[in-house]
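Residue numbering for the sequence shown is 1 to 691, as defined by my numbering.
See below for the structure under consideration.
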Amino acid sequence: MCHKPFSTDMERIKVLSDLRMYECILPTEYLKSADPAQKHIIKWFLNHDPCKRPNSTDILQSQYIPPPQLKDTELHEMVRNTLSNSKSKNYKHLIASCFNQKVSTVEDITFTMTTGKNVLYHGRLDKIIEIVKEVFQLHGGVWLCTPLLMPALNSVINENTVTMMARWGGLTCIPHNLRISFARFLAHNPTISNLKRYSIDRVYRQRRVYGVHPRELYEAAFDIVSSSKGNLIAEAELLSIASEIFQKLKNFNHNNCIIRLNHMSLVQGILMYSGIEKARHLEICRYFARFKQKDLTQEQIEELELLGFANHQINIAMNFFSMEHSFTDMVEVCRKITVRKSKCGIFSREGLRHIETVIKHIESLNVKFTVVIAPGLMNILQFYSGFLFEIVYYNKSKKNVAEYDVLAAGGCYDKLISSFRRNLDVNNDIKQTALGISLSLDKLAALFPTESSEIDVILCSACSNSIMTEEKLNIARDLWKMGIKTLVLDVEQTLEQIQDYCQELYVTNIVMLKETKSVILRRLMEDKFQDKVMSVTEFLELMRRKNRENSLTNIIPQINNSVKNDTRSTSENQYINIVFIIEEKLVTTVKRRYESQISNAVSKTLQKLSPKVRVEILALNVDAELVKALGSLIDFSTIESDISILIKRFSHHKKDLNKVYNYIIDTKHKNTDTVFVFYTLRGNLFKLMIC
Numbered sequence: 001m002c003h004k005p006f007s008t009d010m011e012r013i014k015v016l017s018d019l020r021m022y023e024c025i026l027p028t029e030y031l032k033s034a035d036p037a038q039k040h041i042i043k044w045f046l047n048h049d050p051c052k053r054p055n056s057t058d059i060l061q062s063q064y065i066p067p068p069q070l071k072d073t074e075l076h077e078m079v080r081n082t083l084s085n086s087k088s089k090n091y092k093h094l095i096a097s098c099f100n101q102k103v104s105t106v107e108d109i110t111f112t113m114t115t116g117k118n119v120l121y122h123g124r125l126d127k128i129i130e131i132v133k134e135v136f137q138l139h140g141g142v143w144l145c146t147p148l149l150m151p152a153l154n155s156v157i158n159e160n161t162v163t164m165m166a167r168w169g170g171l172t173c174i175p176h177n178l179r180i181s182f183a184r185f186l187a188h189n190p191t192i193s194n195l196k197r198y199s200i201d202r203v204y205r206q207r208r209v210y211g212v213h214p215r216e217l218y219e220a221a222f223d224i225v226s227s228s229k230g231n232l233i234a235e236a237e238l239l240s241i242a243s244e245i246f247q248k249l250k251n252f253n254h255n256n257c258i259i260r261l262n263h264m265s266l267v268q269g270i271l272m273y274s275g276i277e278k279a280r281h282l283e284i285c286r287y288f289a290r291f292k293q294k295d296l297t298q299e300q301i302e303e304l305e306l307l308g309f310a311n312h313q314i315n316i317a318m319n320f321f322s323m324e325h326s327f328t329d330m331v332e333v334c335r336k337i338t339v340r341k342s343k344c345g346i347f348s349r350e351g352l353r354h355i356e357t358v359i360k361h362i363e364s365l366n367v368k369f370t371v372v373i374a375p376g377l378m379n380i381l382q383f384y385s386g387f388l389f390e391i392v393y394y395n396k397s398k399k400n401v402a403e404y405d406v407l408a409a410g411g412c413y414d415k416l417i418s419s420f421r422r423n424l425d426v427n428n429d430i431k432q433t434a435l436g437i438s439l440s441l442d443k444l445a446a447l448f449p450t451e452s453s454e455i456d457v458i459l460c461s462a463c464s465n466s467i468m469t470e471e472k473l474n475i476a477r478d479l480w481k482m483g484i485k486t487l488v489l490d491v492e493q494t495l496e497q498i499q500d501y502c503q504e505l506y507v508t509n510i511v512m513l514k515e516t517k518s519v520i521l522r523r524l525m526e527d528k529f530q531d532k533v534m535s536v537t538e539f540l541e542l543m544r545r546k547n548r549e550n551s552l553t554n555i556i557p558q559i560n561n562s563v564k565n566d567t568r569s570t571s572e573n574q575y576i577n578i579v580f581i582i583e584e585k586l587v588t589t590v591k592r593r594y595e596s597q598i599s600n601a602v603s604k605t606l607q608k609l610s611p612k613v614r615v616e617i618l619a620l621n622v623d624a625e626l627v628k629a630l631g632s633l634i635d636f637s638t639i640e641s642d643i644s645i646l647i648k649r650f651s652h653h654k655k656d657l658n659k660v661y662n663y664i665i666d667t668k669h670k671n672t673d674t675v676f677v678f679y680t681l682r683g684n685l686f687k688l689m690i691c
């Protein structure tokens, strides 16, 4: 059957004799064109060792034998019966066969083709996470991580959920969002009645194309758990948290941000007013949430009519759900419902009253975003049971596109917790309510990119001998001790290659160690690199000085670079202002050098002062004797006569003293709690005047 007909009987006998030999020699002509599977099966069947010859089970399970042909109905019934009994041997064999599949090279390559993101993106994302974490902790949030996997319950999974099978055959799912797993955690821990938790982690969405890695997104969640709903302060706090985070982002425009509010009581009131019975509220809301358009097409209306909804019911409900108005306008629109004494009026009044309270609270918290009421906001309606909201950002840079980005969403999800609690034998009188907000960190990183780097200095060398390597490590050790973020490059690269690398990562300082024990400090200044050659000792001293200047930001967060009478308050409680009272105009670089010099000189003294006083530092180009004399002034009521005496004594500084006197008088009238520091640019000397 697998060989062409033999021409002679002798040829046939020769072939059969070769096959019966221990080596099982196959004909040469057959080997040239035979299928590898056929050759393996023939040698397998003719093996002289009985233990190595296959039995019927081995043959049926072999990959070299085609599977038996079954009808689809028989096959489906067989699989269904096997899966229905998880304790059977056939079930365990079926699950084991699923896990014994081999991954091909093509599948290995294509699985992660769509997951690559560059280093800069993760750098921006890291900065966003730092901002979010800081605000969460400011509001008393505690990091709480829930189990990664949970059973794939039909009530919580959808077409986007990534479902996986365990070796015991059960189905589990990885987080689709951070809220569902936390709701299940609360249901299993009913004793938790007061908690503020946050979580920043990855969530996953199933792709439409199978065989590739699921979409990986970063999400931040903040949840407030309490024993009662209270006065709706928690709802306002969640919106305030989002506002604080957004305001810290670069290029964020609060005029483009809109808060969309809704309440389930308002939705129920509208549906009752439309004549839709309560038992079908969830069903029709799922359809409205799936359609998403403000105006339904004729096909969508016909689809709802086939489900038993009347045309007038659909039109009335859709008229309300397509609206988005301010609160006062929405109250007028819903007046036809709220004036009724039936359940639709009661539910609508309750929903609007709660929304009004939340709006008043967020105004008290100084949330400046535009607020609209959107009854059509019904995403994941089966989870929420009260107040729900969405924060959207209209990106004006998109040309001719009317889309918006949803940056955050959340609400009260007591209904979701109750759905997990149904299968548990717990007391029904549990007092536990929870609401939360989820932020899309990927959208924040894409909309508001940062151009700063996590690296302060890149340290490299001209060559890589042992002496140079040791010196480079010593410099890196000193920089790390100073708290300077340093990246050490061990690979030999040209300065131009490293420069391109720095521009890509937004690093402003390159330090290249030379064989002469000197360094080249190349700094990025206004899109241009500037070089400076110095010794290693000078470089380390420069870094120490810069590091001290940065540490002074706790005392002097913002140094005033302006001229006389231009004051600026810092973000801290203490106010510090540096004013140059000199004849000539200073170049910007010189002024910055003087400001750094002054800050280093006065920093320790200013730490001893009360943070509530205002500090005015007057930089003068005068002799040290005059500064000492100014420091001896202690009585503000006699300052005019004291200055006159100093003018007679230091007549060549008459103009400077008059400017000092006028500045002191003007400042004291504006703020009486002021300390003056007189600093001479001719020497590192300063004196305080407290009067």
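For every residue, glycine included, the Cβ atom is placed at its ideal position computed from N, Cα and C.
Buried or exposed: where does residue i fall if 16 or more other Cβ atoms within 10 Å of its Cβ makes it buried?
| i | result |
| --- | --- |
| Arg-20 | exposed |
| Val-491 | exposed |
| Asn-554 | Because Asn-554 carries a pLDDT of 41, less than 50, the predicted location of this residue cannot be relied on, and no value is offered for it. |
| Asn-565 | In this prediction, Asn-565 scores a pLDDT of 35, lower than 50, which makes its location untrustworthy; no coordinate-derived value is stated. |
| Cys-51 | exposed |
| Asn-561 | Model confidence at Asn-561 stands at a pLDDT of 36, short of 50, so the residue's coordinates are unreliable; what they give is reported in the following sentence. Flag for Asn-561 reads exposed. |
| Cys-257 | buried |
| Glu-219 | buried |
| Phe-99 | exposed |
| Gln-313 | buried |
| Asp-18 | exposed |
| Asp-429 | exposed |
| Asp-223 | buried |
| Glu-77 | exposed |
| Asp-635 | exposed |
| Tyr-210 | exposed |
| Val-106 | exposed |
| Tyr-413 | buried |
| Ile-556 | Confidence at Ile-556 is low in this model, with a pLDDT of 40, below 50, so its placement is unreliable and the value that follows should be read with caution. Burial call: buried. |
| Asn-577 | buried |
| Gly-386 | buried |
| Ile-109 | exposed |
Taking the continuous alpha helix (DSSP H) assigned at residue i, which residues delimit it?
| i | result |
| --- | --- |
| Leu-186 | 178–188 |
| Tyr-30 | 28–33 |
| Val-333 | 327–333 |
| Ser-419 | 414–421 |
| Phe-321 | 311–321 |
| Phe-45 | 36–45 |
| Leu-296 | Where Leu-296 is concerned, there is no enclosing alpha helix (DSSP H), given that its DSSP letter is neither H nor E. |
| Val-15 | 9–20 |
Grab the span of the beta strand (DSSP E) containing residue i for me, first residue to last.
| i | result |
| --- | --- |
| Ser-438 | 433–440 |
| Leu-217 | 215–226 |
| Tyr-679 | 674–680 |
| Ser-199 | 195–205 |
| Thr-693 | Residue 693 falls outside the range modelled here, since the chain spans only 1 to 691, and no answer is possible. |
| Glu-390 | 387–393 |
| Ser-701 | With the chain running from 1 to 691 in the structure shown, residue 701 is simply not present. |
| Lys-687 | 685–689 |
For residue i, which beta-bridge partners are listed by DSSP?
| i | result |
| --- | --- |
| Arg-523 | Asn-509, Gln-530 |
| Ile-373 | Leu-261, His-325 |
| Asn-577 | Glu-616 |
| Met-165 | Leu-171 |
Validate contact between the segment 283–291 and the segment 482–498 using beta carbons, cut 8 Å, 3 pairs: no
In chain order, which beta strand (DSSP E) runs of at least 3 residues are fully inside the segment 579–661? You should have 614–620.
List, from N- to C-terminal side, the alpha helix (DSSP H) runs of 4 residues or more that fit wholly inside the segment 227–288. 233–247, 264–273
Closer than 8 Å is the cut-off here; do at least three beta carbon pairs connect the segment 677–686 with the segment 616–625? yes
Using a Cβ distance threshold of 8 Å, determine whether the segment 226–243 contacts the segment 262–269, with at least three qualifying pairs required. Put simply, the segment 226–243 does not touch the segment 262–269. Fewer than three CB pairs are less than 8 Å apart.
Could I get the ranges of all uninterrupted alpha helix (DSSP H) runs contained in the segment 52–112, with 4 residues as the minimum, in chain order? 56–61, 72–84, 89–99, 105–111
Would you call the segment 454–461 in contact with the segment 511–518, where contact means no fewer than 3 C-beta pairs closer than 8 Å? yes
Which parts of the segment 338–371 are runs of the beta strand (DSSP E), unbroken and 3 residues or longer, counting only runs that do not cross its ends? none
Touch check for the segment 184–204 and the segment 316–329: three-plus C-beta pairs under 8 Å? Contact fails: fewer than three Cβ-Cβ distances are below 8 Å.
Unbroken stretches of the alpha helix (DSSP H), 4 residues or longer, contained in the segment 465–490: Scanning the segment 465–490 from its first residue to its last, the whole alpha helix (DSSP H) runs of 4-plus residues come out as 466–481.
Would you call the segment 175–184 and the segment 414–428 touching, i.e. three or more CB-CB distances under 8 Å? Taking 8 Å as the limit for Cβ pairs, the verdict is that the segment 414–428 does touch the segment 175–184.
How about the segment 430–439 and the segment 187–198: do they share at least three Cβ pairs that are nearer than 8 Å? yes
Three Cβ pairs or more, each shorter than 8 Å: is that satisfied between the segment 335–349 and the segment 242–253? no
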